Amino acid sequence: MASDTVWHPTSFRTHTLGQIQSDGESLVGSEVTICGYMEANRGKGKICFMDIRDGTGRVQIFLKQGGVSDEQLEMAQGLSRESTVQIVGEVAQKRPPKVAEGEPTPPPTYEVVASIFTVLTEAATPLPLGVTDTVSIGLDTRLDNRFLDLRRAHVNAMFTLRSKVLQYGRDHLITEGFKEINSPKIIASASEGGTNLFPMMYFDTPAFLSQSPQLYKQLTILGGMERVFEIGPAFRAENHDTYRHLNEFISFDIEGAWMNDDDVMCVQERMIHHIWSQVAEHDQDQIEIINHYREGQGDEPITVEVPSLPFPRIEYCDAIKMIQDAGEEISWGDDIDSSHCDIIAAKYPGFHFLPRWPMEMKPFYIHHIPGDVGATGEQLSRGFDLNYGRDEMTSGGQREHNVDVLEQNLRNKGLDPADFSFYTDGFRYGAPPHAGWGLGVARLLMVLTGSRNVRETVLFPRDRSRVTP
RNA sequence: GCCCGUGUGGUGUAGCGGUUAUCAUGAGGCGUUGUCGAUGCCUCGACCCGGGUUCGAUUCCCGGCACGGGCGCCA
41 MASDTVWHPT
51 SFRTHTLGQI
61 QSDGESLVGS
71 EVTICGYMEA
81 NRGKGKICFM
91 DIRDGTGRVQ
101 IFLKQGGVSD
111 EQLEMAQGLS
121 RESTVQIVGE
131 VAQKRPPKVA
141 EGEPTPPPTY
151 EVVASIFTVL
161 TEAATPLPLG
171 VTDTVSIGLD
181 TRLDNRFLDL
191 RRAHVNAMFT
201 LRSKVLQYGR
211 DHLITEGFKE
221 INSPKIIASA
231 SEGGTNLFPM
241 MYFDTPAFLS
251 QSPQLYKQLT
261 ILGGMERVFE
271 IGPAFRAENH
281 DTYRHLNEFI
291 SFDIEGAWMN
301 DDDVMCVQER
311 MIHHIWSQVA
321 EHDQDQIEII
331 NHYREGQGDE
341 PITVEVPSLP
351 FPRIEYCDAI
361 KMIQDAGEEI
371 SWGDDIDSSH
381 CDIIAAKYPG
391 FHFLPRWPME
401 MKPFYIHHIP
411 GDVGATGEQL
421 SRGFDLNYGR
431 DEMTSGGQRE
441 HNVDVLEQNL
451 RNKGLDPADF
461 SFYTDGFRYG
471 APPHAGWGLG
481 VARLLMVLTG
491 SRNVRETVLF
501 PRDRSRVTP
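So for the first sequence, my numbering puts the first residue at 41; every next one is plus one.
In structure tokens, the structure reads:
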């Protein structure tokens, strides 16, 4: 729980469980009203111990005959796990658990001795998945029952970290003068050829779900906003089905005026450095929760290693050579696929940029400097990727700001400039050189949390076969 | 879309041409208990669907569906 959070009392509780854990000493003897999910209950007969959990922590409730009514005691003892309860009671120091000879005495912890016990809602049994059970659970079962899966400590920690990552990234960009924007997600035409779009009807007009804020963030730059960013959804109707692809994902996008590809790569590495530093400084508790779970599963613990700056830059030409030297069949102009990325990742296991891709492989809006050619004399672009290990995190680059070149690029891709007039018109009245990138939030979270599947880091993932819940 | 694999209690698993279908977790009951991975005893709960081979199929074969892994695709 963030120490600077102010938890105001609500109609249902005077204190959070986190407050009782952390401020227990000063609360001893005072009456509190608390709420939570019942995680476990022990004891029959004259007493009952109950562990309850809310979004901030866990506390033990002690119920005894005479302390609460017999009816309430019986209800507590027979209550199913994950039922929600409300307790009025007095904070007390827990009796320390028995420790083996020679073991250090644990620090004092606090419990609530109940005087009024109320069941808010009773959970059905059996649970579709055990919130505290140690058995592992298939991802499909978890996603079908995400509302329960999310109650598991390490899953909750993952999404707490996700929130923090977005917060730190946002904070950093704001300190560099970026302003947050929102662009439309219902669009009339493709942002470019290639990617498949989800079609829809916008009243009587055919329309699509947006695959990228690309063209809109550029129009905002042309409008003089100088530096902008957006955290929003992108939709792609691709038939891919892998651990790292989804059909709806959250993209962290920036665009800045008077910048080239090198400049925005620097923005990106500073931002990632800031996020990792902040997590390492403030969120070790969440990392430890995840590691506690990983330990139980026999997985290596994760560590937040703040990457050093600058990130390595491996230009496309050098990457191709590196792959060829490893004995792979690849030639200039080929895409660098996952198995090739493994070769690069062997030498550069962390974050690394891959700048200067061939112009013919990049979309029409990417800038190129005429005469800036690769080893084979082919035109290079000012587009780049950011990878972590084998996985692509980001695509970015400097954008073409000359409208004549832009229209020629469209024609070179077999597209009709007339279809993009809503976009190209923005360049006719003075356009600053500018650059930007789009970062996959879920993929970044995979790196941070050690997840092996992107679905783990998305609350309700949308893949080729899943639209519910 | 292609290739490979898997489908067994609520959950996660073991196993087999004829079994009382294994274990863990869970659920229900009784007892004990300032417990804390509560505990002792008892009980409950499963072979994805359809077809075929066979005296007999959860097991073998075919099809379907679902899921997993890999690839392709992908700003």
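Glycine included, every Cβ here is placed at the ideal spot set by N, Cα and C. All figures in this text were calculated on a predicted structure; none of them were measured in a lab.
What's the C-alpha gap between residue i and residue j?
| i | j | result |
| --- | --- | --- |
| residue 480 | residue 222 | 17 Å |
| residue 515 | residue 372 | It is not possible to answer for residue 515, since the shown part of the chain is limited to 41 through 509. |
| residue 508 | residue 182 | 12 Å |
| residue 452 | residue 403 | 10 Å |
| residue 239 | residue 247 | 6 Å |
| residue 489 | residue 426 | 18 Å |
| residue 89 | residue 327 | 29 Å |
| residue 498 | residue 50 | 30 Å |
| residue 400 | residue 439 | 15 Å |
| residue 330 | residue 193 | 8 Å |
| residue 78 | residue 160 | 11 Å |
| residue 41 | residue 257 | With a pLDDT of only 46 at residue 41, under the threshold of 50, the placement of this residue in the model should not be trusted, and no figure is reported. |
| residue 205 | residue 416 | 41 Å |
| residue 125 | residue 63 | 22 Å |
| residue 477 | residue 44 | 32 Å |
| residue 394 | residue 252 | 21 Å |
| residue 119 | residue 81 | 8 Å |
| residue 110 | residue 73 | 20 Å |
| residue 304 | residue 294 | 9 Å |
| residue 121 | residue 493 | 29 Å |
| residue 273 | residue 75 | 34 Å |
| residue 103 | residue 485 | 41 Å |
State the DSSP-derived secondary structure class of residue i, mapped to helix, strand or coil.
| i | result |
| --- | --- |
| residue 273 | strand |
| residue 493 | coil |
| residue 120 | coil |
| residue 204 | helix |
| residue 155 | strand |
| residue 466 | helix |
| residue 453 | coil |
| residue 361 | helix |
| residue 24 | No statement about residue 24 is possible, as the shown extent of the chain runs from 41 to 509 and does not include it. |
| residue 323 | coil |
| residue 435 | strand |
| residue 97 | strand |
| residue 283 | coil |
| residue 334 | helix |
| residue 79 | strand |
| residue 251 | coil |
| residue 354 | coil |
| residue 227 | strand |
| residue 41 | The pLDDT assigned to residue 41 is 46, lower than 50, so where the model puts this residue is not dependable, and the model offers no usable value. |
Let me confirm a value: residue i is counted as buried when at least 16 other C-beta atoms fall within 10 Å, else exposed. Which label applies?
| i | result |
| --- | --- |
| residue 123 | buried |
| residue 60 | buried |
| residue 423 | buried |
| residue 279 | exposed |
| residue 462 | exposed |
| residue 496 | buried |
| residue 349 | exposed |
| residue 465 | exposed |
| residue 48 | exposed |
| residue 56 | buried |
| residue 214 | exposed |
| residue 242 | exposed |
| residue 468 | exposed |
| residue 228 | exposed |
Per DSSP, which residues does residue i bridge with? Please list them.
| i | result |
| --- | --- |
| residue 291 | 272, 480 |
| residue 395 | 424 |
| residue 176 | Looking at the DSSP assignment, residue 176 forms no beta bridge with any residue, so it has no partner. |
| residue 413 | 419 |
| residue 128 | 73, 156 |
| residue 506 | 503 |
| residue 220 | 269 |
| residue 245 | 242 |
| residue 104 | 87 |
| residue 475 | 296, 438 |
Would you mind reading off the limits of the alpha helix (DSSP H) that contains residue i?
| i | result |
| --- | --- |
| residue 89 | Unbroken run through residue 89 is the beta strand (DSSP E), 87-94; no alpha helix (DSSP H). |
| residue 186 | 186-189 |
| residue 164 | It is not in any alpha helix (DSSP H) - residue 164 carries neither H nor E in the DSSP assignment. |
| residue 60 | 57-62 |
| residue 405 | Taken as a continuous stretch (DSSP letters only), residue 405 belongs to no alpha helix (DSSP H), as it is neither H nor E. |
| residue 299 | Careful: residue 299 lies outside any alpha helix (DSSP H) and carries neither H nor E. |
| residue 379 | 378-387 |
Terminal residues of the continuous beta strand (DSSP E) containing residue i?
| i | result |
| --- | --- |
| residue 426 | 423-428 |
For the ligand COA, any of its heavy atoms closer than 7 Å to the Cβ of residue i?
| i | result |
| --- | --- |
| residue 274 | Absence of the ligand COA is noted for the structure shown, with no ligands found whatsoever. |
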